[in-house]
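So the structure is just underneath, and the comments pick up after that.
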Amino acid sequence: MLTLAADIKVLARFGRALADPIRCRILLALREAPAHPADLADTLEISRTRLSNHLACLRDCGLVVTVPVGRRTRYELADERLGHALDDLRTAVVAVEADKTCPDAEQKGCC
């Protein structure tokens, strides 16, 4: 059983990964299928160096893993449930935006 401190660390790592739009794009791409870095860089239209830095962050957060394929390395989500979590978060945020359930949303611009 996880302790509250461990739960917070896990959520903070996930939040750190999602805090950057490029890392979000990488996670969404890997949700669709595992990929090699060169292919990801081409698909996302970013430099390989920049991609490498973001992949290192996602590895450090424990969200992606590397799989050796011959002389190349393929990246994939560390757990298939992460793909479901990304879908759930995306649809929940869209639902909240459409719902505007926060009574102070217009005044405070918070939601």
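Numbering-wise, the working numbering comes out as the position in the sequence shown, counting from 1, plus 177.
The beta-carbon is built from N, C-alpha and C at its ideal position, and this holds for glycine as well.
Note that this is a predicted model, so its numbers are computed, not measured.
- For glutamate 209, the enclosing alpha helix (DSSP H) covers residues 198 to 209.
- Annotated as distal: arginine 202 and proline 214, with beta-carbon spacing of 8 Å or more.
- Counted as a single uninterrupted DSSP element, the stretch harbouring threonine 250 is not any alpha helix (DSSP H) but the beta strand (DSSP E) occupying residues 249 to 254.
- The closest CA to that of valine 187, considering only Gly247, Leu254, Gly239, Asp264, is found on Gly239.
- Closest in C-alpha terms to glutamate 209, from the list Val270, Leu259, Pro245, comes Leu259.
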